[in-house]
Amino acid sequence: MTVRLVKRVGRPVLGWVVFAAAVGIWEVLARSEGSFLVPAASAVAERAWHVWPTSEFLSNVEASLRRLAAGYAIGASVGVAVGVSMGSSRRVRQALEPLVELLRATPAIALVPALIVILGFGDRMRIAVIAFGVVFPVLVNSMDGVRAASPELHETASLLRMGRAERILRVDLPAALPSIFAGLRVAVSIGLVMVVVSEFVGGGDGLGHYILVERSQFNIPEMYAGILFLGLLGFVLNGVFVLVERRALSWHHGATGHGEH
Amino acid sequence: MASTEAIRSAEGRLRTAAPVVRVASVGKRYVRDGPPALCDVTFDVHEGDFLTVVGPSGCGKTTLLRVLSGLSRPSEGAVLLDGRPVLGPPAEVALVFQDYNRSLFPWLTVIRNVMFPLRRTRVSGGARVARAEAVLDDLGLRGVARNYPWQLSGGMAQRVAIARALVSRPRLLLLDEPFASVDALTREELQDVVLRVHGELAERRMTVVHVTHDIDEAVYLGDRVLILSSAPGRVVGSIDVDVPRPRDQTASRSSPRFLAVRNEIHEIIRRPQ
Numbered sequence: 002m003t004v005r006l007v008k009r010v011g012r013p014v015l016g017w018v019v020f021a022a023a024v025g026i027w028e029v030l031a032r033s034e035g036s037f038l039v040p041a042a043s044a045v046a047e048r049a050w051h052v053w054p055t056s057e058f059l060s061n062v063e064a065s066l067r068r069l070a071a072g073y074a075i076g077a078s079v080g081v082a083v084g085v086s087m088g089s090s091r092r093v094r095q096a097l098e099p100l101v102e103l104l105r106a107t108p109a110i111a112l113v114p115a116l117i118v119i120l121g122f123g124d125r126m127r128i129a130v131i132a133f134g135v136v137f138p139v140l141v142n143s144m145d146g147v148r149a150a151s152p153e154l155h156e157t158a159s160l161l162r163m164g165r166a167e168r169i170l171r172v173d174l175p176a177a178l179p180s181i182f183a184g185l186r187v188a189v190s191i192g193l194v195m196v197v198v199s200e201f202v203g204g205g206d207g208l209g210h211y212i213l214v215e216r217s218q219f220n221i222p223e224m225y226a227g228i229l230f231l232g233l234l235g236f237v238l239n240g241v242f243v244l245v246e247r248r249a250l251s252w253h254h255g256a257t258g259h260g261e262h
Numbered sequence: 118m119a120s121t122e123a124i125r126s127a128e129g130r131l132r133t134a135a136p137v138v139r140v141a142s143v144g145k146r147y148v149r150d151g152p153p154a155l156c157d158v159t160f161d162v163h164e165g166d167f168l169t170v171v172g173p174s175g176c177g178k179t180t181l182l183r184v185l186s187g188l189s190r191p192s193e194g195a196v197l198l199d200g201r202p203v204l205g206p207p208a209e210v211a212l213v214f215q216d217y218n219r220s221l222f223p224w225l226t227v228i229r230n231v232m233f234p235l236r237r238t239r240v241s242g243g244a245r246v247a248r249a250e251a252v253l254d255d256l257g258l259r260g261v262a263r264n265y266p267w268q269l270s271g272g273m274a275q276r277v278a279i280a281r282a283l284v285s286r287p288r289l290l291l292l293d294e295p296f297a298s299v300d301a302l303t304r305e306e307l308q309d310v311v312l313r314v315h316g317e318l319a320e321r322r323m324t325v326v327h328v329t330h331d332i333d334e335a336v337y338l339g340d341r342v343l344i345l346s347s348a349p350g351r352v353v354g355s356i357d358v359d360v361p362r363p364r365d366q367t368a369s370r371s372s373p374r375f376l377a378v379r380n381e382i383h384e385i386i387r388r389p390q
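Note that the protein sequences, when read in sequence, are chains A and B.
Using our numbering, you'd call the opening residue of the first sequence number 2 and step up by one each time.
Using our numbering, you'd call the opening residue of the second sequence number 118 and step up by one each time.
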């Protein structure tokens, strides 16, 4: 009984112990160094506590989230639409595969200068960079998900006399949903990376811009407070996604036994 | 007046005499100039008949069902359903696959899976639910209507697949080794479910073509057993099973007629072609 209890709570507790140890090591090392360039964990936490609620910081958060939402929405919808059509039609796949493979291999960050030339320094460039980063993991996962559906499902669809559009909507799409969700989740973190990268250039606002400005003014604890916020944001967004996924895909997690931990 | 009635009844008789399914010299090659999977297969199935098709594995049984269901087109010959050539899956045909795991929609509950074939029919929403529930009741699935397929045992899931096939009241029911992936006891249970359904629907004259590699199952279920040779599949025998219905797992299987038919099929299959 006690052994089982220890085993059950053991895993999360162990994780938090390691976490606390890492923060402790940071604290000790930073204090022994005594350099203002490497602030202690407690100093960063204290700064974060004061900076995060300020309206200036929150407006930066809002700007970043707005760009993330816009870029993510565009990238994810294009990714699902193109990926599912590539998965369900061999001709579409053959037509688009070389183009997609080439674009996918191009690092999105490398596109930033080109997009600046085309779209200028404003939000349009930033949203385009984010969308470009988001689109491919979603696209590839959607395509693979559709292609991995069992041939019996497609045969069932034609036995039930489904037309092409109905098959895509009522068979291909739900069959690919677990894989699509995996792609959407990976794309959240990539999207966040692209938000920060796009805000490193061209001034304005946003968390990436904030980090850069605080660094240039040697407000090192403030810079770390911004980084810490981005880390937490990624963590929370991922958690929200896991929750949505668990609800939407309960049939899948049950079927594959991934639901019960 | 009397003459029109006479004509009508004559028409009726003609229609019942014509086969539901006519398979005429069907050959199938999956690759042009490749080895044939089926070769010159010809047979009729009459309304209300339960035909079982038996043969060694790889003899083209599944290919035959695919051609019958309109999933693939024959390379030679033709399949006629009620006199019309089958060019794609007809609305009056339902097929149950061997692997229920792959053919049920895992994202739909049992009742939604069963209701699915009715989605475009003129049956109204409420009537759809009622009809699906009636079929579920009939197959002993009432308690699991709101469950997902993964929550069911193999035997139950295959019952759901059968329910989905029956809900549209097909004229022709095709069964592709539907009991091959369940345990022996469940298999007997499901065999009796299929027999009962076929018997109950006799007044609606549902025709069944059931493919299996199990000779005993073929004899137990069928009115007639069609025997296919190993690849390329051709018809090497057709035996009427004169074991009386309703059939019973112990009595029918131990009856002298059952054993005689079974032995005859064994001999035909073992005979060098």
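We treat Cβ as the ideally placed atom computed from N, Cα and C, and that holds for glycine.
The structure presented is a predicted model; accordingly, all values stated were derived computationally and were not measured.
Coarse secondary structure for L103/A, derived from DSSP in three states: DSSP places L103/A in helix when its eight states are reduced to three.
Within 9 Å, strictly: CB atoms of L289/B and A211/B: Cβ atoms of L289/B and A211/B: closer than 9 Å.
Beta-carbon proximity of L168/B to V311/B, cut-off 9 Å: No, these two residues do not count as a Cβ contact at 9 Å.
Same chain, Cβ closer than 7 Å to V136/A, five either side skipped, listed in chain order: Cβ neighbours of V136/A beyond the five flanking positions: G76, V79, G80.
Stretch-stretch touch, CB-based, cutoff 8 Å, three pairs: the segment 111–122 of chain A with the segment 150–170 of chain A: At 8 Å Cβ cutoff, the stretches do not touch.
The segment 145–154 of chain B touching the segment 331–350 of chain B, judged by at least three CB pairs closer than 8 Å: Verdict: yes, contact present.
Inter-residue Cα distance where the pair is L181/B and L234/A: One Cα belongs to L181/B, the other to L234/A, and the distance between them is close to 58 Å.
Assigned secondary structure, S142/B (DSSP; H/G/I helix, E/B strand, else coil): If DSSP states are grouped into helix, strand and coil, S142/B belongs with the strands.
Burial state of Y147/B, where buried means 16 or more other Cβ atoms lie within 10 Å: The residue in question, Y147/B, is exposed, as its Cβ has fewer than 16 Cβ neighbours within 10 Å.
Proximal residues of chain B, C-beta to C-beta of E246/A below 8 Å: Going along chain B, no residue has its Cβ under 8 Å from E246/A, so there is no contact; the nearest lies around 14 Å.
Contact between the segment 239–247 of chain B and the segment 260–276 of chain B (3+ Cβ pairs under 8 Å): With the cut-off at 8 Å, the segment 239–247 of chain B and the segment 260–276 of chain B do not touch.
Alpha-carbon to alpha-carbon, G339/B and I382/B: So the alpha carbons of these two residues sit roughly 13 Å apart.
Other residues of its chain near R105/A: CB distance less than 6 Å, five sequence neighbours each side excluded: By the criterion of a C-beta distance shorter than 6 Å, R105/A is surrounded in its chain by F137, once the five residues flanking it on both sides are discounted.
For G354/B, the residue or residues it bridges with in DSSP: G354/B pairs with I344/B.
C-alpha gap between E98/A and V139/A, whole angstroms: Between E98/A and V139/A, the C-alpha separation is close to 15 Å.
Contact check, V196/A vs S43/A, beta carbons under 9 Å: Here V196/A is not near S43/A, since their CB atoms are 9 Å or more apart.
Where I26/A falls, given that 16 or more other Cβ within 10 Å makes a residue buried: Counting Cβ neighbours within 10 Å, I26/A comes out exposed, since fewer than 16 surround it.
Secondary structure, alpha helix (DSSP H): runs of 4+ residues fully inside the segment 29–64 of chain A: As summarised for the segment 29–64 of chain A, the continuous alpha helix (DSSP H) elements at least 4 residues long and confined to that stretch are 42–52, given in chain order.
Residues that Q268/B contacts on chain A, provided the C-beta gap is smaller than 8 Å: Under the 8 Å cutoff, chain A gives G255.
Cross-chain neighbours of S151/A in chain B, by beta carbon under 7 Å: By Cβ distance, chain B contributes R219.
A154/B, DSSP secondary structure in three states: Secondary structure of A154/B (DSSP, three-state): strand.
C-alpha distance - M232/B paired with T238/B, whole-angstrom precision: Inter-residue distance for M232/B and T238/B is about 11 Å (C-alpha atoms, whole angstroms).
Assigned exposure category for T157/A - 16 Cβ within 10 Å defines buried: By the neighbour-count criterion, in which 16 or more other beta carbons inside 10 Å mark a residue as buried, T157/A falls on the buried side.
Cβ pair A280/B, L253/B closer than 9 Å: Inclusion of A280/B and L253/B in the CB contact set at 9 Å is warranted, their separation being smaller than that value.
First and last residue of the uninterrupted alpha helix (DSSP H) at F133/A: Looking at the DSSP string, the run of the alpha helix (DSSP H) that includes F133/A is 124–149.
Cβ of D216/B within 9 Å of any chain A Cβ: Yes, D216/B lies at the interface with chain A (some Cβ there is under 9 Å from its Cβ).
Residues of its chain near V39/A, where Cβ-Cβ distance is below 6 Å and the 5 sequence neighbours each way are ignored: Around V39/A, the same chain offers A31 as residues with beta carbons nearer than 6 Å, after the five sequence neighbours per side are excluded.
Per DSSP, cross-strand counterpart(s) of P202/B: Beta-bridge pairing links P202/B to L197/B.
Outcome for S143/A when other beta-carbon atoms lying within 10 angstroms are tallied against a minimum of 16: By the neighbour-count definition (other C-beta atoms within 10 Å, threshold 16), S143/A is a buried residue.
Local Cβ density within 10 Å of H253/A, reported as buried at 16 or more and exposed below that: It is buried - the Cβ of H253/A has at least 16 other Cβ atoms within 10 Å.
CB-CB length for E305/B against H330/B, believed under 8 Å: The Cβ separation is near 17 Å, so there is no contact.
7 Å Cβ cut-off: residues of chain A touching S186/B: What S186/B touches in chain A: L160.
Cut-off 7 Å between Cβ atoms - residues of its own chain near L154/A, not counting five sequence neighbours on either side: Within the same chain, L154/A has close Cβ partners V172, A176.
Classification of W224/B by the beta-carbon crowding that lies within 10 angstroms, buried from 16 upward: So W224/B ends up on the buried side.
9 Å Cβ cutoff, L414/B in contact with chain A: There is no way to answer for residue 414/B, as the model of chain B reaches only from 118 to 390.
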